[in-house]
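The first sequence begins at 1 in full-length UniProt numbering and counts up one residue at a time.
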Amino acid sequence: MHHHLLQSLRLCATGGNPFHGKTLHALIIKIGLNQYGALPNTLISMYAKCGLIKHAVQLFDEMPQRDPVSWASILTAYNRANLPNRSIAIFPNMFTRDHLQPDNFVFASLLNSCAALNHLQIGRQVHAQFVLSEFSFDEVTKSSLVDMYAKCGSVDIARTVFDTICSPNSVSWTAMINGYARVGRKSEAVKLLKDMKVQNLFSWTALISGLIQSGHFVSAFDLFIEMQKEGVKIVDPFILSSVIGASATFAALELGKQVHCLVLKLGFESSLYVCNALVDMYAKGSDITAAKTAFWYTGNKDVVSWTSIIVGLAQHGKAKEALSLYNDMICTGLKPNEVTFVGLIYACSHVGLVKTGRDLFKSMVDDYGLKPNLQHYTCLLDLYSRSGYLDEAENLLNTMPFEIDEAVWASLLSACKRFGKTQMGIRVANRLIGLGVKDPSSYILLCNAYAGASMWENAAKVRKLMSAFDVKKEPGYSCVHLGKESEVFYAGERGHPMKNEMLVLLKDLDEKMRKRGYVPDVSFVLHDMGKQEKEDQLFWHSERLAVAYGLLKGVPGSVIRVVKNLRVCGDCHTVLKFICSIVGREIVVRDASRFHHFKDGRCSCSDFW
DNA sequence: GGCCTAGAAT
Numbered sequence: 001m002h003h004h005l006l007q008s009l010r011l012c013a014t015g016g017n018p019f020h021g022k023t024l025h026a027l028i029i030k031i032g033l034n035q036y037g038a039l040p041n042t043l044i045s046m047y048a049k050c051g052l053i054k055h056a057v058q059l060f061d062e063m064p065q066r067d068p069v070s071w072a073s074i075l076t077a078y079n080r081a082n083l084p085n086r087s088i089a090i091f092p093n094m095f096t097r098d099h100l101q102p103d104n105f106v107f108a109s110l111l112n113s114c115a116a117l118n119h120l121q122i123g124r125q126v127h128a129q130f131v132l133s134e135f136s137f138d139e140v141t142k143s144s145l146v147d148m149y150a151k152c153g154s155v156d157i158a159r160t161v162f163d164t165i166c167s168p169n170s171v172s173w174t175a176m177i178n179g180y181a182r183v184g185r186k187s188e189a190v191k192l193l194k195d196m197k198v199q200n201l202f203s204w205t206a207l208i209s210g211l212i213q214s215g216h217f218v219s220a221f222d223l224f225i226e227m228q229k230e231g232v233k234i235v236d237p238f239i240l241s242s243v244i245g246a247s248a249t250f251a252a253l254e255l256g257k258q259v260h261c262l263v264l265k266l267g268f269e270s271s272l273y274v275c276n277a278l279v280d281m282y283a284k285g286s287d288i289t290a291a292k293t294a295f296w297y298t299g300n301k302d303v304v305s306w307t308s309i310i311v312g313l314a315q316h317g318k319a320k321e322a323l324s325l326y327n328d329m330i331c332t333g334l335k336p337n338e339v340t341f342v343g344l345i346y347a348c349s350h351v352g353l354v355k356t357g358r359d360l361f362k363s364m365v366d367d368y369g370l371k372p373n374l375q376h377y378t379c380l381l382d383l384y385s386r387s388g389y390l391d392e393a394e395n396l397l398n399t400m401p402f403e404i405d406e407a408v409w410a411s412l413l414s415a416c417k418r419f420g421k422t423q424m425g426i427r428v429a430n431r432l433i434g435l436g437v438k439d440p441s442s443y444i445l446l447c448n449a450y451a452g453a454s455m456w457e458n459a460a461k462v463r464k465l466m467s468a469f470d471v472k473k474e475p476g477y478s479c480v481h482l483g484k485e486s487e488v489f490y491a492g493e494r495g496h497p498m499k500n501e502m503l504v505l506l507k508d509l510d511e512k513m514r515k516r517g518y519v520p521d522v523s524f525v526l527h528d529m530g531k532q533e534k535e536d537q538l539f540w541h542s543e544r545l546a547v548a549y550g551l552l553k554g555v556p557g558s559v560i561r562v563v564k565n566l567r568v569c570g571d572c573h574t575v576l577k578f579i580c581s582i583v584g585r586e587i588v589v590r591d592a593s594r595f596h597h598f599k600d601g602r603c604s605c606s607d608f609w
């Protein structure tokens, strides 16, 4: 009977069937076996595997007699429920209350918690206890040590432990490979993979997703292709969601579409991770319509699905749609989380919905018990300052429990300039200087603020600071996508084979724009030079080159899609609004902070960015 | 009976 029950419980756990599990639990109590043999511990693990952490904890707490297996089960249960801090918190009770010593299973679980929390200090303490214990030769625990050190950033220590493993298995190799990859040590990661006798999907995924995390997108894609050439079958969708995520970050729409096809071909279109990644990929790839389609095709949407589309819509300036989807989401009974609110308040800040944004911020705390973090305050601050509520902004700044960074100060400063709040601008500028300035565009704002208040000495000081620190702008570049092909342009680049055609086109457009009232705004140029020189500099900005090329080479009438590494400059923003209406084309620019849809002389960002 | 590896939204 005992054996039969254990087996049934294990079946519930693997099938994630809590209903059947609860029935069995009732039966076990009824026949009086609830304290018998392995049953109590197996019940804990069954509840944990079915996602019912509260039931698992209650059983554990009410157990009259706990053993190391009970401890391993509850620690794993907490880790599974994404509560690794609970594991660390209760562990000392194993000694103080239960007078038990940890075994290898307990060590491994604990190290898993440390890895999840990035807690190197406690991880090292566990390591020390493990070494002193009778289990110090256990190789599974050593695998968790490798993983823990790698996740905490001590890759070389991870390697030292890895080298003490007598017969490493797939798990230890994978942990080590991922450790190298996620800190960007590409060649070591690749070498380790090639050293493996039997490479499986797990090890390739660890390598590729690690490289994606460290920003090595091109190598990651190359390896993804190599993996398929090697004949490794993609039998689960793990790696697909990772690669789709990379296409999103990389704004590689065409590549992302190909992976989407692969998803369909392999039949993983119902994986929630994959669907959510697709929504984000299309949104970041600047095709918000496709993102919406992908969203509506997602079955069993969770908070991440809804949040992805809300954030996507917000970044594309579609605040109304974002807010309306939020209502739909609430109607389905799902609870929003911190990220959802970042997206929502961000959406409000880009259309000046001050009251809605403030209400959402309040609702987040009052209705959902969420604690606002720095990002929420930043968005709210942005909302106030962009909409001209500068006193509220300053008030919030002085009462909020976080220190803001240079970018937020800079955005506040630019709002002061925009709304003519000279005195507050000076206060903000002084705080910004005290903080230490790194971003070249902040120097421009500072100069303009002091100059605007006729504080010439301060303006001169800022210029001095700027040259003393040898501030240089990161070279701006823009990439224009034309179907499967794309072309990259750097600011000031004049060596392109099609430069003559582009020059003629841009000159012609420039003339037409000036007739419609365009005046170049040279205050966006960093360097100290004459007015004509500054105008020339603007003329060769990379986004203009990319758009010109797109107009010349792209399919007539198609949307021109450009990705820029920096934020689009204010003057170029004006220019693109003119160009889109002159040529009657839609231009979509993804810059470092958001999307700009230029159409009929207007931009979706309503000139806030 | 219980342990270790790869994935989505700011």
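Beta carbons are placed, not taken as given, at the ideal position from N, Cα and C, and that holds for glycine.
Measuring CB to CB, does residue i end up less than 9 Å from residue j?
i: I288; j: V243; result: no
i: R561; j: S286; result: yes
i: K577; j: F598; result: yes
i: H541; j: D571; result: yes
i: V304; j: K335; result: no
i: S442; j: L412; result: no
Using the three-state DSSP reduction, which class does residue i fall into: helix, strand or coil?
i: I31; result: coil
i: A555; result: The question names Ala, but residue 555 in the sequence shown is Val. Of the three classes helix, strand and coil, the one that applies to V555 here is coil, per DSSP.
i: R494; result: coil
i: I165; result: coil
i: A251; result: coil
i: I234; result: coil
i: S454; result: coil
i: W540; result: coil
i: P401; result: coil
i: D439; result: coil
i: C569; result: coil
i: V525; result: coil
i: C331; result: helix
i: F469; result: coil
i: R431; result: helix
i: G420; result: coil
i: C152; result: coil
i: N200; result: coil
i: V519; result: coil
i: H25; result: helix
Which partner residues of residue i appear in the DSSP bridge assignment?
i: H596; result: V589
i: E487; result: V480
i: C603; result: F598
Going by beta carbon distance, what residues of the same chain come within less than 6 Å of residue i, once the five residues before and after it are set aside?
i: L505; result: A548
i: G388; result: F419
i: T42; result: L6 and L9
i: A48; result: A56, A77 and R80
i: A291; result: V279, Y282, A283 and G312
i: A158; result: V146, Y149, A150 and G179
Quick one: give me the first and last residue of the alpha helix (DSSP H) that residue i is part of.
i: K54; result: I53 to E62
i: T96; result: N93 to T96
i: L344; result: E338 to S349
i: A72; result: P68 to R80
i: K499; result: K499 to K515
i: N41; result: L39 to K49
i: D359; result: V354 to D366
i: K371; result: Counting along the chain, K371 falls outside any alpha helix (DSSP H), and DSSP gives it neither H nor E.
i: N178; result: S170 to R182
i: Y389; result: Where Y389 is concerned, there is no enclosing alpha helix (DSSP H), given that its DSSP letter is neither H nor E.
i: Y297; result: No alpha helix (DSSP H) holds Y297; DSSP gives it neither H nor E.
i: H2; result: H2 to G15
i: L100; result: Per DSSP, L100 belongs to no alpha helix (DSSP H) and is neither H nor E.
Ignore the nearest five residues each way along the sequence and tell me which others in residue i's own chain have a CB closer than 8 Å to its CB.
i: L552; result: M498, E501, M502 and L505
i: E188; result: Y180
i: I88; result: L110, S113, C114, L117, H119 and I122
i: L100; result: R66, D67, P68, W71 and M94
i: I53; result: Y47, A77, Y78, R80, A81 and L83
The beta strand (DSSP E) that contains residue i, what's its start and end?
i: R561; result: I560 to K564
Please go through the same chain and pick out, in chain order, the residues whose beta-carbon is closer than 7 Å to the beta-carbon of residue i, but skip the five residues on each side of it.
i: H127; result: L145
i: E535; result: P520 and V522
i: V559; result: E586 and V588
i: V235; result: L201
The ligand ADP heavy atoms versus the CB of residue i: any closer than 8 Å?
i: Q101; result: This structure lacks the ligand ADP, and indeed carries no ligand of any kind.
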